[in-house]
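As structure tokens, the structure follows; a few thoughts come after it.
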Amino acid sequence: MKRIYRFFVKKYPRLSGTLLLVLLIAYWLCLPNPLFKDPTCMVIEDREGQLLGARIAADGQWRFPHQTEIPDKFAQAIIAFEDKRFYRHIGVDLWAILRAVRQNLSQGRIVSGGSTLSMQVIRLARKGQGRTLYEKVIEAIQATRLELRYSKADILAFYASHAPFGGNVVGLDAAAWRYYGKKPALLSWAEAATLAVLPNSPSLIHPGRNRSALLNKRNRLLLRLHQQGQLDQLSYELALEEPLPDQPLPLPRLAPHLLDRAYTEQFRGQQNKATRLRSSLSRDLQEQSQNIAARHHRQLAGNGIHNLAILVMEVESGQVLAYVGNAPGTGAAHGEAVDIIKAPRSTGSILKPFLYAMMQEEGELLPNSLVPDIPTYLNGYRPENFHQSYDGRVPAQRALIRSLNVPMVHMLQQYGLEKFHSRLRRLGFTSFNKPPEHYGLSIILGGGEASLWEITSAYASMGRSLRHFYPYDGRYDKNDFRMADYSYQAAPPKVDRQALDPQPLQLSAAASWLAFRAMQKVERPNSQGEWQYFRSSQRIAWKTGTSFGFRDAWAVGLTADYAVGVWVGNADGEGRPGLVGVQAAAPVLFDVFAQLPSGDWFEQPFDEMRRIPVCKQSGYRALALCEADSLWVAEAGLKVGACPFHKLVHLDATEQWQVNSDCEAPSTMVHRPWFVLPAVEEHYYKSQDPNYEPLPPFRPDCRGSLLAGEDRQPMQFIYPTQSTKIMVPVDLNGQRSKTVFKIAHRDPATKVHWHLDEEYVGSTQHFHHLELDPPEGQHWLTLVDDKGYEIKQRFEIIDRQ
79 MKRIYRFFVK
89 KYPRLSGTLL
99 LVLLIAYWLC
109 LPNPLFKDPT
119 CMVIEDREGQ
129 LLGARIAADG
139 QWRFPHQTEI
149 PDKFAQAIIA
159 FEDKRFYRHI
169 GVDLWAILRA
179 VRQNLSQGRI
189 VSGGSTLSMQ
199 VIRLARKGQG
209 RTLYEKVIEA
219 IQATRLELRY
229 SKADILAFYA
239 SHAPFGGNVV
249 GLDAAAWRYY
259 GKKPALLSWA
269 EAATLAVLPN
279 SPSLIHPGRN
289 RSALLNKRNR
299 LLLRLHQQGQ
309 LDQLSYELAL
319 EEPLPDQPLP
329 LPRLAPHLLD
339 RAYTEQFRGQ
349 QNKATRLRSS
359 LSRDLQEQSQ
369 NIAARHHRQL
379 AGNGIHNLAI
389 LVMEVESGQV
399 LAYVGNAPGT
409 GAAHGEAVDI
419 IKAPRSTGSI
429 LKPFLYAMMQ
439 EEGELLPNSL
449 VPDIPTYLNG
459 YRPENFHQSY
469 DGRVPAQRAL
479 IRSLNVPMVH
489 MLQQYGLEKF
499 HSRLRRLGFT
509 SFNKPPEHYG
519 LSIILGGGEA
529 SLWEITSAYA
539 SMGRSLRHFY
549 PYDGRYDKND
559 FRMADYSYQA
569 APPKVDRQAL
579 DPQPLQLSAA
589 ASWLAFRAMQ
599 KVERPNSQGE
609 WQYFRSSQRI
619 AWKTGTSFGF
629 RDAWAVGLTA
639 DYAVGVWVGN
649 ADGEGRPGLV
659 GVQAAAPVLF
669 DVFAQLPSGD
679 WFEQPFDEMR
689 RIPVCKQSGY
699 RALALCEADS
709 LWVAEAGLKV
719 GACPFHKLVH
729 LDATEQWQVN
739 SDCEAPSTMV
749 HRPWFVLPAV
759 EEHYYKSQDP
769 NYEPLPPFRP
779 DCRGSLLAGE
789 DRQPMQFIYP
799 TQSTKIMVPV
809 DLNGQRSKTV
819 FKIAHRDPAT
829 KVHWHLDEEY
839 VGSTQHFHHL
849 ELDPPEGQHW
859 LTLVDDKGYE
869 IKQRFEIIDR
879 Q
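Counting from 1 along the sequence shown, just add 78 to a position and that's the residue number in our numbering.
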């Protein structure tokens, strides 16, 4: 060979140099890049690196993404079994080759290949080409190149990540989970030795097939490790007693919906790239949440309610701690694969605290400002309270606590639909993508859709901004309001304190604090669920919601540290009786909070608040006429007007009658402040408040001095309240139904005379409602009381045939 080379160099000196250069280049480029192009599983782990689930690779193999760190036990075992001079050779072990040749010649067949781990990595990368001498030469050449390019640790990692371990299990990661249900770092010596011998004969793993051969191989390897000093005598003896694995174990399925979501959002179309996601989930909390979901699902399924979702977030970081997209055990027939967390659903009442906070922030009302709670008709829309009862007027905070629909619609009308819709969009509610008029005022009662992801994120953002109020010196970070994140971040994002804004960018800390204070007081009466379901040592701000038709039940709650969102219902939208937030979703919410550590409550942002005198009865800013109380309000609350309901009333000496200067000398009058509501509101309010005193009537000789004006009207329509179209249904007997018209009078004992189109149709006393059957068309209803006070209302009757 040397003579041939010398002859070639002497005869063709230039060509030989070129050839040498070509050979060097070919050698340098002979290693594939990348070394492996096999598709890998999509793998999701918790924040500690514990496996939560995996999605099988595109080629049907359980092949986890490349792992750079190999456990020491497996590394020692595989080197002892496959390549004991691994750290001393350069990719090819001449002594191992000579030994293999000698063994093969003595046996008359191939019993040993003499391949190093480096050569085996090349063979795995080249998809197991035939074991010919030619292939061996190629493997040897590329193995030396592999050694030049990668460290020994890298080569071990390549082998461990791509070696076959029986069936469709490839790589150490997948094998450790499939055969032992644990990550590789937790393998015992016996388990590591078993997996070390498998790639040499992967068919041995099948249960009931050659298991004695596998056991013998493992034990021989354990003996070798013991002799090398890797195992002491006791560890060796204990390792021998460990059984071989049985049937392959199913991989964990602790976050299947997040696995699918992450695959869709981050990894689809990236089969040849790393597909390992370190999520922010806590494995323990995820398991606990899944168990809670499964337990409540079994209870709810008896009522035909089959789907349930839970989302748990860390307020400070915004990272997701538990993600249960649907209750385990729901079954394919009921859409178990549907991820409810990201599905837009009718919001019910779950958005009411946002409106309350916005109005507090902008000085539209104070926490206890009275808002109307009466039968209401707004452009054909008729909101109703859940219990179909009315309070006349109710404090805004109380309306939120009791989740009253009618007061909230009045609050939204006062605040402005367009403004509320715009601010919801800024909070991250992307599903409100139609113009405001598409939703109308019903948006506050579930007329729009949002996802559990958006809702829980928005509440957590309010909490995060409130948490940062004092640490940020009363300034605001625009990044505090953001969507949740399921990717683990070990360190919190850095805050550019120079970029903090002195003005709130979304909701102020004071507004959020006031909303959370009200949400702490949400009522939990027995009529809506057993009280013991809601016992908790934690201070929790929480809210429930129920969509129209009992299709969606919501519950969301938060502390200073955690935010929890729950949705219960049917994925196909089927409504069920009893599917209300406080009965179906709230028990789940509090079961989840019972698994979370207790923490501190939010610090009140005093720098953004003022303590002001307010009228004790009306909740508006106090006048000299009303009994005052003091209350902490948002700074903008200073813009709220004075109490509109307290009037100075002039009475005669008996204080039984109202009088004026036309019928009573001013010197003999008694002047008293009086809390006065409009007639319709008074009609409902006095039934709720036994201390309410209706205005005394005017003394008969002062009758002619009755003043017009809303606060002095003795009589108002309850139905209809405005010119409206009334559709009259047909009863089961084929006869058209009658329409019930209703009014309120300050003095129910007063007789009221009813006229339809100027024709007398009857009189009422004490209970002022009358059934009438007007023909189709437009009509006027006129009412006159005994004192001559008159009101009129126009309406139109439409037949429903």
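Ideal Cβ positions, reconstructed from N, Cα and C, are used throughout, including at glycine.
### Message
Once DSSP output is grouped into helix, strand and coil, what is the label at Lys-870?
### Response
In this structure, Lys-870 counts as strand in the three-state DSSP scheme.
### Query
Would you call the CB atoms of Ala-253 and Leu-273 closer than 8 Å?
Yes, the Cβ-Cβ distance between Ala-253 and Leu-273 is below 8 Å.
### Query
Between the stretch 793-803 and the stretch 727-742, do three or more beta carbon pairs fall short of 8 Å?
The answer is no - the stretch 727-742 does not touch the stretch 793-803, with fewer than three Cβ pairs under 8 Å.
### Query
Is the stretch 646-663 touching the stretch 675-694 in the sense that three or more CB pairs, one from each, lie closer than 8 Å?
Between the stretch 675-694 and the stretch 646-663, the count of Cβ pairs shorter than 8 Å is below three; the stretches do not touch.
#### Entry: C-alpha distance - Leu-773 paired with Lys-497, whole-angstrom precision
Cα to Cα, Leu-773 sits roughly 38 Å from Lys-497.
### Classification of Phe-845 by the beta-carbon crowding that lies within 10 angstroms, buried from 16 upward
Its Cβ having fewer than 16 others within 10 Å, Phe-845 is exposed.
### Task
Please check the pair Phe-164 and Leu-250, which I expect to be a contact at CB under 8 Å, by giving their CB distance rounded to whole angstroms.
Contact doesn't hold; Cβ gap of about 16 Å is too wide.
### Query
Can the beta-carbon of His-831 be found less than 8 Å from the beta-carbon of Ser-841?
Result yes, Cβ atoms of His-831 and Ser-841 sit closer than 8 Å.
### Message
With three or more C-beta pairs closer than 8 Å as the rule, is the stretch 357-372 touching the stretch 394-401?
### Response
Two segments are said to touch when three or more pairs of C-beta atoms, one from each, lie closer than 8 Å; by this definition the stretch 394-401 touches the stretch 357-372.
### Leu-433 to Pro-775 span [Cα, whole Å]
Those two C-alpha atoms are separated by around 39 Å.
### Message
Quick check on this structure: which residue in Ala-731, Phe-594, His-724 and Arg-750 has the alpha carbon closest to the alpha carbon of Trp-679?
### Response
Selected option, being the one with the closest Cα: Phe-594.
### Query
If you pair each beta-carbon of the stretch 424-433 with each one of the stretch 522-530, do three or more pairs fall below 8 Å?
Segments in contact, yes.
### Task
Have a look at Glu-713, Ala-649, Tyr-762 and Tyr-459 and flag the residue whose alpha-carbon is nearest the alpha-carbon of Val-416.
When only C-alpha atoms are compared, the closest one is Ala-649.
### Task
Measure the C-alpha to C-alpha separation of Arg-617 and Thr-637 and round it to an integer number of angstroms.
Approximately 7 Å between the Cα atoms of the pair.
### Query
Excluding five sequence neighbours on each side, which residues of the same chain lie with their C-beta closer than 8 Å to the C-beta of Val-199?
Hits under 8 Å: Leu-113, Ala-221, Leu-224, Ile-233, Phe-236, Tyr-237 and His-240.
### Task
Return yes when the C-beta of Gly-659 is under 7 Å from any heavy atom of the ligand SAM, and no when it is not.
This structure lacks the ligand SAM; in fact it carries no ligand of any kind.
#### Entry: Under the three-state DSSP convention, the category Trp-752 falls into
Three-state DSSP puts Trp-752 in a strand.
### Message
Using DSSP's beta-bridge definition, name the partner residues of Cys-693.
### Response
Ala-706.
### Query
Between Tyr-763 and the rest of its own chain, which residues show a CB-CB distance below 7 Å, the 5 nearest in sequence each way excluded?
Annotation for Tyr-763: Asp-469, Gly-470, Arg-471, Leu-755 and Tyr-770 place their beta carbon closer than 7 Å to its own, counting only its chain and skipping 5 residues before and after.
### Among Arg-460, Gln-128 and Phe-723, nearest to Gly-697 - alpha-carbon criterion
Looking only at Arg-460, Gln-128 and Phe-723, the smallest Cα-Cα distance to Gly-697 is reached by Phe-723.
### Query
Can you list, in chain order, the residues of its chain whose CB lies under 7 Å from that of Ser-313, leaving out five sequence neighbours each side?
So the qualifying residues of the chain are Trp-267.
### Query
Count the other CB atoms within 10 Å of the CB of Tyr-554; is the residue buried (16 or more) or exposed (fewer)?
Tyr-554 is buried by the Cβ-count criterion.
### Query
Can you give the Cα-Cα distance for Leu-850 and Ile-452, rounded to whole angstroms?
In this structure, the alpha-carbon of Leu-850 lies about 22 Å from that of Ile-452.
### Task
My understanding is that Phe-753 touches Gln-794, with C-beta atoms under 8 Å, so please give their C-beta distance in whole angstroms.
Going by Cβ atoms, the distance from Phe-753 to Gln-794 rounds to 18 Å, so no, they are not a contact pair.
### Beta-carbon separation (whole angstroms), Val-666 vs Leu-386, contact threshold 8 Å
The C-beta distance from Val-666 to Leu-386 rounds to 7 Å, short enough to fall under 8 Å.
### Spatial distance of Gln-610 from Val-600 (CA atoms)
With a pLDDT of only 40 at Gln-610, under the threshold of 50, the placement of this residue in the model should not be trusted; the figure read from the coordinates follows. The alpha-carbon of Gln-610 is positioned some 15 Å away from that of Val-600.
### Task
Determine, using beta-carbon pairs with one atom in the stretch 334-343 and one in the stretch 100-111, whether at least three such pairs fall under 8 Å.
Touching, no, given that fewer than three Cβ pairs across the two stretches are closer than 8 Å.
### Message
By alpha-carbon positions, which one of Gln-344, Pro-683, Glu-213 and Ile-869 ends up nearest to Ile-821?
### Response
Selected option, being the one with the closest Cα: Ile-869.
### Task
Can you have a look at Leu-861 and say buried or exposed, based on whether 16 or more other CB atoms are within 10 angstroms of its CB?
It counts as buried.
#### Entry: Range covered by the alpha helix (DSSP H) that runs through Leu-316
311-319 is the extent of the alpha helix (DSSP H) around Leu-316.
### Task
Taking only the alpha-carbon atoms, compute the straight-line gap between Val-927 and Ala-827 and give it to the nearest angstrom.
Residue coverage of the chain in this structure runs from 79 to 879, which leaves residue 927 outside it and unanswerable.
### Message
Quick check: what's the CA-CA separation for Pro-485 versus Val-646?
### Response
Near 26 Å, if we compare the C-alpha coordinates of Val-646 and Pro-485.
#### Entry: Every unbroken alpha helix (DSSP H) within the stretch 423-486, with a cutoff of 4 residues, ordered by chain
Counting only runs of 4 or more, we get 430-439 and 474-479.
### Message
Please classify Asn-604 as buried or exposed, where buried requires at least 16 other C-beta atoms within 10 Å of its C-beta.
### Response
Caution is warranted here: a pLDDT of 41 is assigned to Asn-604, below 50, making its placement in the model unreliable, and the coordinate value is therefore given only provisionally. Counting the other CB atoms within 10 Å of its CB gives Asn-604 a total below 16, which places it among the exposed residues.
### Task
For Val-170, name the three-state secondary structure that DSSP assigns.
Of the three classes helix, strand and coil, the one that applies to Val-170 here is coil, per DSSP.
#### Entry: Coarse secondary structure for Val-799, derived from DSSP in three states
Here residue 799 is Thr; the residue named in the question, Val, does not match the sequence. Thr-799: coil per DSSP, three-state reduction.
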